[in-house]
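Be aware that the sequence shown starts at 1, since it is given in the UniProt record's numbering, and climbs by one per residue.
Built from N, CA and C at the ideal position, the CB exists for glycine as well.
Keep in mind that this is a model prediction, so the values were computed, not measured.
What follows is a short report on a single structure.
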Amino acid sequence: MGFETVAPNRKGSKEFLALAEETNSKSKTRKGRRRQRKMSPVQKLYETCKEVFSFCGAGVIPPAEDIQRLSSVLDAMEPADVGLTPDLPYFRMTVARRTPVITYLHLYECEKFSMGIFCLPPSGVLPLHNHPGMTVFSKLLFGTMHIKSYDWVAGAPEKTLASANPSLVAPPGVHLAKVKVDADFTAPCKTSILYPADGGNMHCFTAVTACAVLDVLGPPYSDPDGRHCQYYLDYPFSRFPDGGVSVPEDEKEGYAWLEDIEKPEDLAVDGAKYRGPEIQEN
Numbered sequence: 001m002g003f004e005t006v007a008p009n010r011k012g013s014k015e016f017l018a019l020a021e022e023t024n025s026k027s028k029t030r031k032g033r034r035r036q037r038k039m040s041p042v043q044k045l046y047e048t049c050k051e052v053f054s055f056c057g058a059g060v061i062p063p064a065e066d067i068q069r070l071s072s073v074l075d076a077m078e079p080a081d082v083g084l085t086p087d088l089p090y091f092r093m094t095v096a097r098r099t100p101v102i103t104y105l106h107l108y109e110c111e112k113f114s115m116g117i118f119c120l121p122p123s124g125v126l127p128l129h130n131h132p133g134m135t136v137f138s139k140l141l142f143g144t145m146h147i148k149s150y151d152w153v154a155g156a157p158e159k160t161l162a163s164a165n166p167s168l169v170a171p172p173g174v175h176l177a178k179v180k181v182d183a184d185f186t187a188p189c190k191t192s193i194l195y196p197a198d199g200g201n202m203h204c205f206t207a208v209t210a211c212a213v214l215d216v217l218g219p220p221y222s223d224p225d226g227r228h229c230q231y232y233l234d235y236p237f238s239r240f241p242d243g244g245v246s247v248p249e250d251e252k253e254g255y256a257w258l259e260d261i262e263k264p265e266d267l268a269v270d271g272a273k274y275r276g277p278e279i280q281e282n
């Protein structure tokens with residue numbers, strides 16, 4: 001009965017409801033902030049990738065603002081965020097093999113994107129390879145790495161000219177490319193980005209010191225969908241001077257001929273279990 005005597009006070013009732021709604025709203029906001037504070041960097045990376053690549057596919061580049069957003073997340077990541085330290089066995093030199101073994105840590109993959117880490121001991125090499133139809137983000141987590149990358153030269157002739165000396169003509173499967181990057185990078189540094197037809201779509205990684213690079217590919221490789229990883233050998237431009245392309249003498253070092261090859265026999269990439277913070281799929 002006492003409750004019924006209060007109910008008719010409509011003004012008081014409205015004020016009470018408004019206060020309750022405000023309190024509930026503030027509570028939800030605080031809970032949301034707590035969830036954000038608890039989200040690990042690798043979980044944040046996963047959530048950002050889901051949003052950025054949600055409407056993308058082969059050859060489709062995310063909007064500029066999404067590129068920047070994902071880059072900022074990667075720029076802030078450190079080795080500890082994915083459970084890595086330079087003293088792990090992945091980064092040690094071995095004498096058993098002439099070519100150092102590279103370790104790949106698989107974080108996540110779906111049809112839209114993939115996340116993984118390449119762990120390279122000193123002198124480890126990821127040979128020159130392409131990323132067909134992909135937008136790729138590479139974040140050097142620690143160490144020093146030499147990156148050399150190329151883009152195809154638009155409009156370069158598919159067939160070479162006739163020549164009195166066949167050895168001076170680029171053979172089938174050899175195409176002209178322009179050097180995009182040829183430099184050492186030392187962590188911490190900005191995330192590098194390559195696009196389907198720009199930014200150095202074909203690249204080679206060489207570990208100057210032990211290093212780790214976190215790769216995000218959108219979309220990932222897929223043989224059934226025609227996104228096969230193609231490897232290349234690169235030759236200086238002067239190797240095939242009768243290739244049907246004229247380049248000023250002082251610019252020739254900025255070009256190269258790339259030849260399609262099979263996966264190098266001495267390339268050894270071993271998979272290992274990712275032991276960093278867990279990624280919660282949703």
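Three-state class that DSSP yields for residue i in the structure shown
i: Cys-211; result: strand
i: Cys-49; result: helix
i: Val-153; result: coil
i: Val-42; result: helix
i: Glu-253; result: helix
i: Cys-56; result: coil
i: Asp-270; result: strand
i: Met-115; result: strand
i: Lys-190; result: coil
i: Val-247; result: coil
i: Lys-263; result: coil
i: Phe-185; result: strand
i: Glu-109; result: strand
i: Val-279; result: One detail in the question is off: residue 279 reads as Ile in this sequence, not Val. Looking at Ile-279 - three-state DSSP - the assignment turns out to be coil, as it is neither helix nor strand.
Proximity to residue i [Cα-Cα], best of the options
i: Ala-272; options: Trp-257, Lys-38, Asp-151 and Val-101; result: Val-101
i: Arg-194; options: Ile-67, Val-42, Pro-41 and Thr-48; result: Here residue 194 is Leu; the residue named in the question, Arg, does not match the sequence. When each option's Cα is compared against that of Leu-194, the closest is Ile-67.
i: Met-93; options: Thr-209, Tyr-231 and Pro-224; result: Thr-209
i: Phe-91; options: Pro-41, Leu-126 and Pro-122; result: Pro-122
i: Arg-227; options: Glu-47, Ala-58, Asp-75 and Met-39; result: Ala-58
i: Pro-219; options: Lys-44, Met-39 and Lys-50; result: Lys-50
i: Ala-80; options: Val-52, Phe-142, Phe-53 and Val-125; result: Phe-142
i: Leu-84; options: Tyr-255, Thr-144, Leu-214 and Tyr-231; result: Leu-214
i: residue 283; options: Ala-256, Asp-198, Asp-87 and Phe-185; result: With the chain covering only 1 through 282, there is no way to say anything about residue 283.
i: Ser-54; options: Asp-87, Tyr-108 and Phe-113; result: Phe-113
i: Ile-117; options: Val-42, Asn-201, Pro-196 and Glu-259; result: Val-42
i: residue 285; options: Pro-277, Leu-267, Glu-278 and Gly-276; result: Since the first residue of the chain shown is 1 and the last is 282, residue 285 is not available in this structure.
i: Gly-199; options: Arg-69, Ile-147 and Lys-252; result: Ile-147
i: Glu-262; options: Lys-139, Leu-126 and Cys-229; result: Cys-229
i: Tyr-221; options: Arg-69, Met-134, Glu-78 and Val-52; result: Met-134
Euclidean distance between Cα positions of residue i and residue j
i: Pro-89; j: Thr-103; result: 10 Å
i: Met-115; j: Glu-47; result: 12 Å
i: Pro-132; j: Val-247; result: 27 Å
i: Glu-111; j: Val-153; result: 30 Å
i: Ala-64; j: Asp-223; result: 28 Å
i: Val-179; j: Tyr-150; result: 5 Å
i: Tyr-235; j: Phe-185; result: 23 Å
i: Met-145; j: Leu-128; result: 14 Å
i: Tyr-231; j: Phe-205; result: 13 Å
i: Asp-182; j: Ser-71; result: 21 Å
i: Ala-76; j: Asn-130; result: 26 Å
i: Leu-258; j: Met-39; result: 44 Å
i: Val-82; j: Leu-233; result: 33 Å
i: Asn-201; j: Ile-279; result: 28 Å
i: Lys-45; j: Asp-87; result: First, the amino acid is wrong: residue 45 is Leu here, not Lys. The alpha-carbon atoms of Leu-45 and Asp-87 are separated by roughly 25 Å.
i: Leu-217; j: Gly-276; result: 19 Å
i: Tyr-108; j: Glu-281; result: 9 Å
i: Glu-253; j: Leu-176; result: 12 Å
i: Leu-126; j: Ala-207; result: 9 Å
i: Lys-139; j: Asp-260; result: 27 Å
i: Val-60; j: Gly-173; result: 26 Å
Where residue i falls, given that 16 or more other Cβ within 10 Å makes a residue buried
i: Tyr-274; result: buried
i: Val-136; result: buried
i: His-203; result: buried
i: Val-269; result: exposed
i: Phe-240; result: buried
i: Cys-119; result: buried
i: His-106; result: exposed
i: Lys-190; result: exposed
i: Gly-124; result: buried
i: Ala-197; result: exposed
i: residue 283; result: Limits of the chain in this structure are 1 at one end and 282 at the other, which puts residue 283 out of reach.
i: Pro-188; result: exposed
i: Pro-62; result: buried
Residue i beta carbon near the ligand ZN (any heavy atom closer than 8 Å)
i: Gly-83; result: In terms of ligand content, the structure shown is empty, and the ligand ZN therefore cannot be addressed.
Contact with chain B by residue i, beta-carbon distance below 9 Å
i: Gly-254; result: No chain B is part of this structure, which consists of one protein chain only.
(request) Could you name each continuous beta strand (DSSP E) segment of 3 residues or more that falls completely within the region 214–238, going from the start of the chain to the end? (result) Those beta strand (DSSP E) runs which fall completely within the region 214–238 and span 3+ residues are 231–236.
(request) Would you list, in sequence order, the uninterrupted alpha helix (DSSP H) runs of no fewer than 4 residues that lie entirely inside the region 63–104? (result) DSSP runs (the alpha helix (DSSP H)) wholly in the region 63–104: 64–75.
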